[in-house]
Every structure is written in C-alpha cells, then in structure tokens.
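Peer 1: In UniProt numbering, the protein residues as written are 1 to 269.
Quick reminder that beta carbons are idealized off the backbone N, C-alpha and C, glycines included.
(1) Using the DSSP secondary-structure output, state which residues sit across from residue 114 in a beta bridge.
(2) Start and end of the beta strand (DSSP E) containing residue 80?
(3) Under three-state DSSP, which class holds residue 263?
(4) Identify the residues that DSSP records as bridge partners of residue 91: which are they?
(5) Locate the beta strand (DSSP E) running through residue 75, then write down its first and last residues.
(6) Quick check: what's the CA-CA separation for residue 46 versus residue 24?
(7) Just the C-alpha distance for residue 207 and residue 179, rounded to the nearest angstrom, thanks.
(8) For the candidate residues 226, 233 and 265, whose alpha-carbon lies nearest to that of residue 96?
(9) Assuming contact is defined by CB atoms lying nearer than 8 Å, are residue 328 and residue 235 in contact in what I supplied?
(10) With a CB to CB cut of under 6 Å and the five nearest residues on each side skipped, what residues in its chain are close to residue 253?
(11) Should residue 171 be labelled buried (16 or more other beta-carbon atoms within 10 Å of its own) or exposed?
(12) Kindly give me the distance between the Cβ atoms of residue 112 and residue 159, rounded to whole angstroms, as I take these residues to be in contact under 8 Å.
(13) Output the distance between the C-alpha atoms of residue 288 and residue 116, rounded to the nearest integer angstrom.
(14) Whose C-beta lies closer than 8 Å to the C-beta of residue 195 among residues of the same chain, with five residues either side of it excluded?
(15) For residue 157, count the other beta carbons within 10 Å of its own beta carbon; 16 or more makes it buried, fewer makes it exposed. Which is it?
(16) List in chain order: all unbroken alpha helix (DSSP H) runs of 4+ residues lying wholly within the segment 38-65.
(17) To which residues of the same chain is residue 36 closer than 8 Å at the C-beta, ignoring the five residues directly before and after it?
(18) Mind checking which residues open and close the beta strand (DSSP E) that includes residue 199?
(19) Give the DSSP-derived three-state secondary structure of residue 98 in the structure shown.
(20) Could you pull out every residue in the same chain whose Cβ sits closer than 7 Å to the Cβ of residue 124, ignoring the five residues on either side in sequence?
(21) Tell me which same chain residues have a C-beta within less than 7 Å of the C-beta of residue 151, skipping the five on either side of it?
(22) Go to residue 167, then tell me how far its beta strand (DSSP E) extends in each direction, as first and last residue.
(23) Buried or exposed: which applies to residue 58, given that a residue is buried once 16 or more other Cβ atoms fall within 10 Å of its Cβ?
(24) Compare the Cα-Cα distances from residue 166 to each of 177, 182 and 174 and report the closest residue.
(25) Check residue 124 in the structure and name its three-state DSSP category.
(26) Can you tell which of 41, 212, 91 and 201 has the C-alpha that lies nearest to the C-alpha of residue 138?
(27) Decide if residue 176 is buried, meaning its Cβ has at least 16 other Cβ atoms within 10 Å, or exposed.
(28) Can the beta-carbon of residue 90 be found less than 8 Å from the beta-carbon of residue 231?
(29) Judging by CA-CA distance, which residue of 99, 242 and 228 is the nearest neighbour of residue 87?
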C-alpha cells in the first residue's frame, strides 16, 4: 500500500534522496575508515570497529562498518593463495613466459602432468580480504600458503590437447623409484607414445628430477618441456584439479576414510 500511495501521490516508487536515518559517519570519517581497512586488508568488521573506537572514541557496530566499506567499493572477498616466490623464481617465470609467448600450435604437442591431493573435508579458513574490483593480484590481497599433510587422496594425472590419461592413486610418499614404477612405466610413457610428437611437462619436484628418472626418460626417448620452479599455477592441469575440488566440495555424500573417498569419487576416472 505504501508503494502504491507513493506512486499515486508523487509518481515515484523509491525513497526520496536524503530520506531515512542519517549516517553516523561523515564523508571524512568514511575516508578514514577506508584507510584503516586498506592498511590491514584481512581485518574483520569487528576488528575494524574496535580500532575505530580506539582511534575516535566513538562506538560503531560491525554492520555499520560493512555498509560504509561496501558503499566505498570495498567488499570482503576470498583471497588469492600462492606459494612464496623469490626474486629468482619471478625472473625465471618471466623468462619462460617470454620464450613461449608466440607459441600457437606448439601447445597441442605438450602433455601437462601433475600430482594433486584432495582432502576428506573442505574449508576455506574463513579468511577474507577487503579490496576493490580488479585488485585480486595485489600483493597485500594475497595470502601465502605452505603445503601441509592432511588426510586425503593423492592422485596423478596428465592432459593433452584432445585427450587425458587415467587418474592414478598414489598411496604414501612418492619417491623417484615409485614414480618410475607406478606412474611413468604403466601410464605416462604409454600415453606419450600414443601421441605423435608429444612433449612431456612435469614440475621440478625431487622425484621428477632425480638422476634415475632422467636416465629413464633418456632411455625411453621422452622429450621434456622445460618448466620454471615453483610454478604450478602456470600449468593448465591446475584448472582440472580446481574443477574436481569444487565438485568434491558440492558432493553431499559423507566420506569417512581416504579409501572410501577414492572408491566413491575417483575410482571411475
């Protein structure tokens, strides 16, 4: 009825400009609040409210903090995670990118491979960063993560331009001998031999670069694609792992063990 009355009396359906409760903060206060949020990108609304109270002596609730920051374009978003990169890592990554920037059909011959681990449960850590649209890759909006051992299933797989390998389960620690015996001999090399002119990509993990593995590749005449260190994000197979991880997170079926996870979700891959 209120909307109808507004329309019949004033020919409008929205609030008048300036109507409603007045803002507790001024434009100057909002700018100060934005500076606080950008100083510590991971601070929660409650933490910012406490800092605001200390700095100004005025109490402001967490919901008001969120509204002001949203009005200023700062939204709490999931941060981008990455592994720590040294100056040499960045230099070698850029060098590799420049060397391959003009590749076109060449990528059709590259077989990308990798291992990935999928945990029994999923969580995002409840960490958010406040940033503007387009700031996802700013250093202050990125949280570095280090790999840790949690219950789950480790798998190996490879993708080519039009095909993919079988997904292999890896139980326990993978060393160079197991890499040859359980991955390269039964799956990787036959997959490469079925693709004329295939070039094999793998990261620089120790089991992949051991002397015995290099000798095996030489004996099998496997051509390797050079790869910069600490660069899993540059391989397209990471998108495959991401799709699998999202599907696992959406699957409502409970899983109690790593064996059950493999049988229910991976055994038919």
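Peer 2: The answer reads as follows:
(1) Position 114 of the chain shown, counting from 1, holds the residue named residue 114. Per DSSP, 157.
(2) Reading the chain shown from its first residue, position 80 is the one you call residue 80. Per DSSP, residue 80 belongs to the beta strand (DSSP E) from 80-82.
(3) Translated into the one-based positions of the chain shown, residue 263 becomes position 263. Helix.
(4) Along the chain shown, read from residue 1 onward, the residue named residue 91 stands at position 91. BP columns for residue 91 are empty, so no partner.
(5) Residue mapping note: residue 75 aligns to position 75 of the chain shown, counting from 1. Per DSSP, residue 75 belongs to the beta strand (DSSP E) from 75-77.
(6) The sequence position of residue 46 within the chain shown is 46, counting from 1. The sequence position of residue 24 within the chain shown is 24, counting from 1. Each residue's alpha carbon lies about 17 Å from the other.
(7) Position 207 of the chain shown, counting from 1, holds the residue named residue 207. Position 179 of the chain shown, counting from 1, holds the residue named residue 179. Cα-Cα distance, rounded: 7 Å.
(8) Locating residue 96 in the chain shown gives position 96, counting from the first residue. For the residues 226, 233 and 265, the minimum Cα distance to residue 96 belongs to 226.
(9) A question about residue 328 goes unanswered here, because the residues of the chain that appear run from 1 up to 269.
(10) Along the chain shown, read from residue 1 onward, the residue named residue 253 stands at position 253. Cβ within range, chain order: n/a, list empty.
(11) In the chain shown, the residue the question calls residue 171 occupies position 171. By the 10 Å Cβ count, residue 171 comes out exposed.
(12) For the purposes of this step, residue 112 is taken as the residue at position 112 of the chain shown. For the purposes of this step, residue 159 is taken as the residue at position 159 of the chain shown. At roughly 5 Å, the Cβ-Cβ gap stays under 8 Å, so residue 112 and residue 159 are in contact.
(13) As shown, the chain starts at 1 and ends at 269. That puts residue 288 outside it, with no answer to give.
(14) Sequence index remark: in the chain shown, residue 195 carries index 195 (1-based). Around residue 195: 109, 111, 160 and 163.
(15) Here residue 157 refers to the residue found at position 157 when the chain shown is read from its first residue. Answer is buried; the Cβ neighbour count reaches 16.
(16) 45-56
(17) Locating residue 36 in the chain shown gives position 36, counting from the first residue. Answer for residue 36: 43, 48, 51, 52 and 55, listed in chain order.
(18) Sequence index remark: in the chain shown, residue 199 carries index 199 (1-based). 199-201 is the span of the beta strand (DSSP E), which, as asked, contains residue 199.
(19) Reading the chain shown from its first residue, position 98 is the one you call residue 98. In this structure, residue 98 counts as helix in the three-state DSSP scheme.
(20) Position 124 of the chain shown holds residue 124. Low confidence applies here, because residue 124 scores a pLDDT of 46, under 50, leaving its location unreliable and the question unanswered by this model.
(21) Start at 1 with the first residue of the chain shown, and residue 151 comes out as number 151. Excluding sequence neighbours, residue 151 sits near 119, 120 and 258.
(22) Within the chain shown, numbered from 1, the residue matching residue 167 stands at position 167. Counting along the chain, residue 167 falls outside any beta strand (DSSP E), and DSSP gives it neither H nor E.
(23) Translated into the one-based positions of the chain shown, residue 58 becomes position 58. Exposed, since its Cβ has fewer than 16 Cβ neighbours within 10 Å.
(24) On the chain shown, residue 166 is found 166 positions in, with the first residue counted as 1. Selected option, being the one with the closest Cα: 182.
(25) Counted from its first residue, the chain shown places residue 124 at position 124. With a pLDDT of 46 at residue 124, under the threshold of 50, the modelled position of that residue is not reliable, and no figure is offered here.
(26) Translated into the one-based positions of the chain shown, residue 138 becomes position 138. The option with the nearest alpha carbon to residue 138 is 41.
(27) The residue labelled residue 176 in the question sits at position 176 within the chain shown. Classification of residue 176: buried, given that the 10 Å Cβ count is 16 or more.
(28) As a first step, residue 90 must be located in the chain shown, where it is residue number 90. As a first step, residue 231 must be located in the chain shown, where it is residue number 231. No, they are not a contact pair.
(29) Your numbering for residue 87 matches position 87 in the chain shown. Measuring from the Cα of residue 87, the nearest candidate turns out to be 228.
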